[in-house]
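Here is the structure we will look at.
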Amino acid sequence: HLTEVTVATAVPVVSGDKLRHIIDEMVTTEREYVRSLRYIIDSYFPEMERLDLPQDLRGKRSVIFGNLEKLYDFHSQYFLRELESCCNHPLRDGSLLQKDQFGMYALYSKNKPKSDSLLASHGNTFFKFKQMKLGDKMDLASYLLKPIQRMSKYALLLKDLIKECSEAQEQELGYLRAAEEMVKFQLRHGNDLLAMDAIRDCDVRSSVFPCPG
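Number 75 in UniProt numbering belongs to position 75 of the sequence shown; there are no gaps in the numbering.
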């Protein structure tokens, strides 16, 4: 297992225009992603402190939002800056994808069904008023999908970067492929954690009801 993976090192010979477009897209979408996380924190976190918060939502901020605040801290304070520093030097000295940090995504994915369930049963109606006040077309549930969508986006962008590197750039390709595998691993790991939770839940219930299959 990798402890850290470099997305970028010096790559002088690359098909410039396509590579520049991919890097620009990665940076632009990263900025949008960080803004979205900040928007959730600023707009919806304070709602959890309201006096009229439904009883079933009290003390449930970590269930609804998971570790989203930690994701925001990592991306705003570290990862976005690293990406921006690579802007003028595509695939150079850049953007460490640290497994320890990106492991937060597997935990976010694991928590997501609990968040979805709580929102569906008690949260959507309550948060709908805030959405209307904000004049936002997207509801909170849609915003909470963004971290999972972002990991999938990294996988696509890394795949495109790999395509634009020549086989002669062996070291750089190695870094990019390792980064791509790390992203895919985190996506799989999130699903694995969900499956383990489902098995544990099934074990608890099986003393009363038989599990399917």
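A virtual CB, placed ideally from N, CA and C, is assigned to each residue, including glycine.
If you're wondering where the values come from, they're calculated on a predicted model, not measured in any experiment.
My output table needs one value for residue i: the three-state DSSP class, helix, strand or coil.
i       : result
Leu-136 : Sequence check: residue 136 is Asp here, not Leu. The answer is coil: DSSP assigns Asp-136 none of H, G, I, E or B.
Gly-66  : coil
Gly-59  : coil
Leu-119 : helix
Arg-50  : coil
Leu-161 : helix
Leu-145 : coil
Would you call residue i buried or exposed, if buried means 16 or more other Cβ atoms sit within 10 Å of its Cβ?
i       : result
Ser-152 : exposed
Met-132 : exposed
Gly-94  : A caution first: Gly-94 carries a pLDDT of 34, below 50, which makes its placement in the model unreliable, though a value can still be read off. With 16 or more other Cβ atoms within 10 Å, it is buried.
Leu-37  : buried
Glu-170 : exposed
Ala-179 : buried
Leu-161 : buried
Leu-145 : exposed
Phe-79  : buried
Ignore the nearest five residues each way along the sequence and tell me which others in residue i's own chain have a CB closer than 8 Å to its CB.
i       : result
Leu-118 : Asp-56, Leu-57, Lys-60, Val-63 and Ile-64
Asn-67  : Met-104, Leu-107, Tyr-108 and Asn-111
Leu-25  : Looking at the sequence itself, residue 25 is Glu, so the reference to Leu does not match. Counting only Cβ-Cβ distances below 8 Å, and skipping sequence neighbours, we find Leu-157.
CB-CB under 6 Å to residue i, same chain, minus the five flanking residues each way: which ones, in chain order?
i       : result
Gln-101 : Phe-74
Phe-127 : Leu-140
Tyr-33  : Arg-150
Leu-187 : Met-151
His-122 : Pro-54, Asp-56 and Leu-57
Short of 7 Å in beta carbon distance, which residues of its chain neighbour residue i, apart from the five on each side in sequence? Order them along the chain.
i      : result
Glu-84 : Val-27
### Query
Would you say the stretch 71-89 touches the stretch 43-51, given that touching needs at least three Cβ pairs under 8 Å?
They do not touch, by the three-pair rule.
### Task
Pair every Cβ in the stretch 170-184 with every Cβ in the stretch 131-147, then say whether three or more of these pairs are closer than 8 Å.
The answer is no - the stretch 131-147 does not touch the stretch 170-184, with fewer than three Cβ pairs under 8 Å.
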